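Protein chains in written order, with full-length UniProt numbering: chain A, 1 to 303; chain B, 1 to 303; chain C, 1 to 236; chain D, 1 to 236.
In what follows, a single structure is set out as structure tokens and then discussed.
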Amino acid sequence: MVNLEVKLSNLRFKNPVLVASGTFGWGIEYNRFFDIGLLGGVIVKGLSLNPRQGNPPPRIVETPCGMLNSIGLQNIGLEKFVSEVLPQFDSIRTNLIVNIYGSEIGEFVELAGRLNNYKQIAALEINVSCPNVKAGGAAFGKDPEVVFVLISSIKKVCDKTIIVKLTPNVTDIALIAQAAQSAKADAVSLINTLTGMIIDTKTKKPFLGNKFGGLSGPAIYPVGLKMVYETYEKVNIPIIGVGGIYNADVAVQYILAGASMIQIGTANFVEPDISLKIIEGIRRYLEDEEIDDVNKLVGLAHN
Amino acid sequence: MVNLEVKLSNLRFKNPVLVASGTFGWGIEYNRFFDIGLLGGVIVKGLSLNPRQGNPPPRIVETPCGMLNSIGLQNIGLEKFVSEVLPQFDSIRTNLIVNIYGSEIGEFVELAGRLNNYKQIAALEINVSCPNVKAGGAAFGKDPEVVFVLISSIKKVCDKTIIVKLTPNVTDIALIAQAAQSAKADAVSLINTLTGMIIDTKTKKPFLGNKFGGLSGPAIYPVGLKMVYETYEKVNIPIIGVGGIYNADVAVQYILAGASMIQIGTANFVEPDISLKIIEGIRRYLEDEEIDDVNKLVGLAHN
Amino acid sequence: MKTIVLNNDQVAKDTYYLQLQVPEGFKYEPGQFLMLKINKLNEPLLRRPFSIAKVDETIDIYYKVIGLGTNILKSYKKGDLIDFTGPFGNGFDLRNKRIVLCGGGIGVAPLIGLKYFLDSKNITSHCFFGFNSKEDCFVDFGEIATLDGSLGKKGSVVDLLEDLDNSFHVYACGPKGMLKALCELADRKGFSMDISLESNMACGFGVCLGCSINTINGYKQVCKDGPAFNYTEIIW
Amino acid sequence: MKTIVLNNDQVAKDTYYLQLQVPEGFKYEPGQFLMLKINKLNEPLLRRPFSIAKVDETIDIYYKVIGLGTNILKSYKKGDLIDFTGPFGNGFDLRNKRIVLCGGGIGVAPLIGLKYFLDSKNITSHCFFGFNSKEDCFVDFGEIATLDGSLGKKGSVVDLLEDLDNSFHVYACGPKGMLKALCELADRKGFSMDISLESNMACGFGVCLGCSINTINGYKQVCKDGPAFNYTEIIW
Ligand SMILES: Cc1cc2nc3c(=O)[nH]c(=O)nc-3n(C[C@H](O)[C@H](O)[C@H](O)COP(=O)(O)OP(=O)(O)OC[C@H]3O[C@@H](n4cnc5c(N)ncnc54)[C@H](O)[C@@H]3O)c2cc1C
Ligand SMILES: Cc1cc2nc3c(=O)[nH]c(=O)nc-3n(C[C@H](O)[C@H](O)[C@H](O)COP(=O)(O)OP(=O)(O)OC[C@H]3O[C@@H](n4cnc5c(N)ncnc54)[C@H](O)[C@@H]3O)c2cc1C
Ligand SMILES: Cc1cc2nc3c(=O)[nH]c(=O)nc-3n(C[C@H](O)[C@H](O)[C@H](O)COP(=O)(O)O)c2cc1C
Ligand SMILES: Cc1cc2nc3c(=O)[nH]c(=O)nc-3n(C[C@H](O)[C@H](O)[C@H](O)COP(=O)(O)O)c2cc1C
Ligand code: FES
Ligand code: FES
């Protein structure tokens with residue numbers, strides 16, 4: 001028997017497989033396919049203080065081995081989340097992680113502070129890829145100082161495990177990860193989507209209503225993997241790997257690169273129960289390699 | 001009849017289709033498949049002052065809809081290039097563009113100065129994605145000031161058309177393009193490869209001999225397209241679009257995004273005469289759309 | 001889930017008739033759709049939505065060859081396994097009025113099942129279907145209009161509905177242009193109408209929020225709130 | 001270029017025999033290979049190299065199902081068109097010595113054509129082929145060794161070459177482990193040897209510089225400088 005259990009700060013996870021924000025709804029929708037209690041954890045869709053409409057359609061388009069999305073963080077807002085979604089997690093036996101964002105630091109802090117009151121929530125994942133209204137629209141996650149201030153402020157009002165979700169659209173992602181570490185983040189997750197676009201040659205206009213979108217899916221996994229690998233050499237806090245994972249082999253690659261846990265995103269759309277298959281695949285890999293504990297795999301590619 | 005001819009500084013190109021450095025050898029190798037004189041231009045593989053061995057194998061691996069390469073700029077060096085390759089271009093009726101790099105500014109400048117003497121060469125493409133020895137290994141192309149100094153210095157010794165090839169592995173590629181423009185570059189070409197890696201789960205080690213490689217191919221085209229689109233709004237010099245182009249539709253997307261010309265890279269390996277098919281496809285698109293000049297297409301997606 | 005392809009024949013120009021074995025316990029309502037994974041590769045990556053035209057002995061789907069996915073789909077042979085999720089979406093909302101089905105092109109597909117269902121309940125309905133040309137037609141019932149006049153009445157199927165009044169309820173599916181024209185007609189004539197919409201989809205069951213359309217009540221998801229919507233709700 | 005698949009049958013465990021129509025003007029030398037584009041999609045993206053086992057009425061290729069590409073290749077049927085480039089690479093360099101062909105597993109493929117060629121020139125050669133097991137064997141000539149002893153001599157094919165001396169020249173192709181063992185044997189026994197190597201390839205004709213191997217004369221390209229190399233040149 002191999003051990004798949006992993007720990008992150010004071011949390012225990014049955015296995016290192018999480019599902020990525022924005023690709024798993026509020027979690028419960030997937031119960032029609034399998035018992036989501038079998039997952040290491042569920043990261044629900046990006047939550048903001050107030051409800052958001054999101055971007056104009058069309059919002060998604062397929063690209064070679066990937067997809068672009070410009071959902072624009074559509075969500076029901078804190079109040080409805082607390083009254084309608086949270087109670088359903090009373091009976092779900094896995095870690096609930098809430099992905100949050102705001103358009104300025106104050107919004108993040110208020111949201112984190114209020115979510116701190118709910119015992120169903122294990123951790124917060126802070127999405128710093130959204131545009132920072134006060135800084136003229138550039139993403140929070142592109143400036144290490146802003147990340148430091150943001151995460152420090154959140155840590156003051158929230159004692160849950162704090163994970164910082166980093167954007168890959170930067171020159172040096174490890175630098176941002178270091179800023180998160182200095183601000184006492186418990187972990188970083190990387191990568192969010194790469195910015196991209198597609199133009200419709202019939203209309204001669206950008207295809208997405210929002211012009212630009214985030215590229216995800218198998219196409220981007222070599223990029224995410226490299227960012228995890230290089231960040232692993234620069235920080236001491238755990239890394240959660242995400243980006244294009246579509247089978248157990250790629251999941252294992254992320255763990256070997258230095259990820260303590262991994263997230264499945266776009267692949268959930270293609271194969272709703274892919275995360276279960278990946279858990280089984282990681283178990284089989286460990287058995288075949290005669291390694292008794294998944295934690296022993298983390299970062300092995302650096303040796 | 002539609003016009004496909006485009007101009008760049010004082011050069012004329014039969015059509016806007018070039019072939020990308022490192023994917024077309026020294027050009028002549030492709031004559032076994034078709035008459036390379038039919039191309040808008042040929043950008044030959046990265047040349048350095050002295051011959052270079054390149055990186056240890058394995059050097060390439062396939063990824064979803066893409067490939068990673070870590071060739072490491074293997075090449076025969078200036079002397080052999082001048083004596084063995086250049087004379088063959090006397091009889092080839094297309095624009096020869098030489099892609100160059102150095103490990104420090106002085107090397108670039110010497111190379112550009114010496115290449116300035118050869119009439120067979122129409123333009124130089126300056127590859128600033130290679131590691132800068134003096135700056136501790138970070139690429140030249142990540143620092144706008146370095147790009148400014150480098151290109152200004154090259155312009156002093158070389159009066160050929162100067163194209164600056166930009167790396168996408170930066171927070172703000174338009175900023176680098178602006179630096180190139182300030183230094184009086186004649187054009188920028190983007191994008192070079194995205195840095196990525198793959199880990200072999202059998203050996204638990206990075207697959208490539210050099211660990212990291214450059215991701216190219218269809219997978220990356222939405223990223224390249226977006227960078228061309230945003231750079232078009234920030235600079236006045238022509239943009240040459242490159243990254244994942246594999247058919248005429250994607251080529252037209254790049255032109256609509258703002259590229260005056262485009263380069264075909266990885267697709268040359270898959271289909272050696274793809275560049276000819278893309279020229280024909282662009283022509284057919286213009287005919288279908290009843291547009292009489294490819295130059296009228298440039299940047300239309302911004303309207 | 002996987003099921004067996006029982007038939008995949010061309011029935012009109014670029015139009016194929018796909019029959020799948022009905023998996024045990026499979027339930028569906030007219031108006032719902034399946035998401036098909038076309039091959040085992042990462043290209044095409046996402047599943048493609050197809051309306052269930054009808055389910056009795058088999059699950060019937062009619063599809064038009066458009067791009068990457070449908071070009072591969074047409075090479076499936078009897079006996080091959082195909083991977084589906086669903087059925088997803090809401091069934092048509094049945095109204096207590098005189099019922100008209102109006103379809104254009106491949107949009108006729110979901111209406112076939114509705115007609116079949118209404119017949120089984122002894123509810124009378126009138127069918128009007130439009131195609132570009134005779135060679136595009138894949139139904140053998142209903143009044144037909146073709147743009148080139150090669151079958152039925154020459155012109156748009158919308159013209160066939162000129163006589164409707166507010167005692168009618170229309171279920172419509174088809175290309176955007178046709179649906180827009182129908183909406184204008186409905187405004188003019190006063191009949192009520194549900195229209196079945198399309199959108200690029202990633203999941204098909206409401207989690208990606210990618211298939212939004214704009215309505216007077218804000219963005220709605222085609223896959224979960226539709227695919228049929230009351231026409232007065234849509235902002236084009 | 002495209003040509004027609006004439007046969008694609010399984011001939012041993014995971015091993016298929018692909019026969020292609022010989023296009024007009026097609027020329028080849030034993031030792032060369034073709035690059036096949038497996039489908040029209042971007043996945044798998046790159047062409048895959050396969051040795052030409054032999055050309056007479058047809059182009060013969062033997063291939064082993066390994067991963068993405070070969071799993072699709074095996075579904076090709078008689079009459080399908082397949083897209084190739086090549087032939088690329090150098091033919092085997094013929095030596096004026098007593099000739100031995102030594103192949104392991106699918107590495108036997110290119111030696112079939114060499115044997116055929118030598119026979120046609122009335123040059124005597126001795127063939128030694130190794131497989132894991134009887135079920136992997138797809139040749140009906142030569143001396144066979146299998147690791148499990150189910151066919152021929154039990155053990156490695158390398159053991160069959162113990163009697164060679166410096167009057168012999170060996171052409172070898174097979175897995176890395178076997179080739180390394182052969183190199184040691186060659187050092188010990190003094191025979192000369194050319195070995196056919198593999199590498200991931202993007203272009204197949206010397207322009208991508210991706211298929212490099214390390215030699216005492218610096219990096220060389222398997223596709224252009226090989227695929228066969230004098231064994232003394234290789235740095236493992
Ligand atoms: C609920 C629902 C039910 C449906 N039912 C049916 C049915 O019963 N029968 C049927 O034939 N079809 C049906 N469709 C439509 C069907 O899903 C599409 O025709 C199919 O997905 C096309 O897939 P493809 O891979 O062949 O084409 P793709 O290559 O994916 O192209 C499909 C369309 O996507 C858009 N698109 C994708 N990429 C781009 C780009 N780069 N630029 C511009 N546009 C782009 C275009 O509109 C294009 O025509 C239905 C759709 C929905 C939403
Ligand atoms: C000159 C030459 C001649 C050849 N002749 C023959 C022949 O006659 N018959 C034959 O059967 N084969 C031959 N081969 C080998 C054949 O080309 C390969 O088996 C084939 O390309 C496999 O393709 P695939 O898509 O099925 O496998 P892939 O899925 O591409 O995997 C193939 C191999 O690539 C490597 N690889 C790719 N990605 C990774 C990764 N992420 N991590 C680790 N490893 C990876 C591994 O070694 C893997 O086994 C030849 C090769 C060369 C170079
Ligand atoms: C439709 C969609 C919506 C997403 N929404 C969010 C979000 O709300 N918050 C967030 O941090 N990341 C979001 N992401 C990014 C994913 O969580 C993930 O980081 C990214 O898709 C890369 O992983 P993948 O390639 O496995 O999908 C979204 C991705 C997709 C495809
Ligand atoms: C094998 C290989 C070698 C390359 N060598 C060079 C080079 O020497 N100089 C350079 O500027 N770009 C080089 N590139 C980058 C390409 O010119 C191009 O910018 C990149 O591959 C993206 O385009 P593509 O997706 O069409 O291949 C190389 C790319 C590949 C795949
Ligand atoms: S397709 Fe995902 S929400 Fe509708
Ligand atoms: S495969 Fe491209 S150089 Fe050998």
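Where is the CB? At the ideal position from N, CA and C, for every residue including glycine.
A quick note: this is a predicted structure, and the numbers were derived from the prediction, not measured.
Collapsed DSSP secondary structure at residue i in the structure displayed
i, result
"Met178 of chain D", "helix"
"Gln10 of chain C", "strand"
"Met67 of chain B", "strand"
"Glu290 of chain B", "coil"
"Lys205 of chain B", "strand"
"Leu190 of chain B", "strand"
"Gln32 of chain D", "coil"
"Ser212 of chain D", "strand"
"Leu215 of chain A", "strand"
"Leu11 of chain A", "strand"
"Ile198 of chain B", "coil"
"Asp60 of chain C", "strand"
"Asn71 of chain D", "helix"
"Val298 of chain A", "coil"
Residues bridged to residue i [DSSP beta-bridge criterion]
i, result
"Ala123 of chain A", "A:Ile97 and A:Thr161"
"Glu104 of chain B", "In the DSSP output, where bridge partners are listed per residue, Glu104 of chain B has none listed."
"Lys153 of chain C", "C:Ala145"
"Ser196 of chain D", "D:Cys173 and D:Ala228"
"Val100 of chain D", "D:His126 and D:Val170"
"Ser51 of chain C", "C:Phe33"
"Thr85 of chain C", "C:Met35"
"Ala139 of chain A", "A:Pro131"
Distance cut-off 7 angstroms: residue i Cβ against heavy atoms of ligand 2
i, result
"Lys78 of chain C", "no"
C-alpha distance - residue i paired with residue j, whole-angstrom precision
i, j, result
"Asn50 of chain B", "Val85 of chain B", "15 angstroms"
"Ala112 of chain B", "Ile151 of chain B", "10 angstroms"
"Cys203 of chain D", "Val242 of chain B", "19 angstroms"
"His126 of chain C", "Ser192 of chain C", "15 angstroms"
"Lys97 of chain C", "Ile235 of chain C", "25 angstroms"
"Leu20 of chain C", "Leu68 of chain C", "21 angstroms"
"Ala259 of chain B", "Ile274 of chain B", "19 angstroms"
Residue i: CB within 7 angstroms of a non-hydrogen atom of ligand 6
i, result
"Val11 of chain C", "no"
"Gly206 of chain D", "yes"
"residue 244 of chain D", "In this structure chain D extends from 1 to 236, so residue 244 of chain D is not present and cannot be described."
Check: residue i C-beta below 7 angstroms from any heavy atom of ligand 5
i, result
"Leu209 of chain C", "yes"
Check: residue i C-beta below 7 angstroms from any heavy atom of ligand 3
i, result
"Asn42 of chain C", "no"
"Gly25 of chain A", "no"
Any C-beta of chain E under 8 angstroms from that of residue i
i, result
"Leu185 of chain C", "In the structure shown, chain E does not exist; the protein chains are A, B, C and D."
Any non-hydrogen atom of ligand 1 within 7 angstroms of residue i CB
i, result
"Thr266 of chain A", "no"
"Asn210 of chain A", "no"
Closer than 7 angstroms: residue i CB and nearest ligand 4 heavy atom
i, result
"Ala20 of chain B", "yes"
### Message
Any contact between the segment 170-188 of chain B and the segment 227-239 of chain B? By contact I mean 3 or more CB pairs, one from each, below 8 angstroms.
### Response
yes
### Message
Assess contact between the segment 190-199 of chain C and the segment 137-144 of chain C, defined as three or more Cβ pairs (one per stretch) separated by less than 8 angstroms. Is contact present?
### Response
No: the two stretches stay apart, fewer than three of their Cβ pairs being nearer than 8 angstroms.
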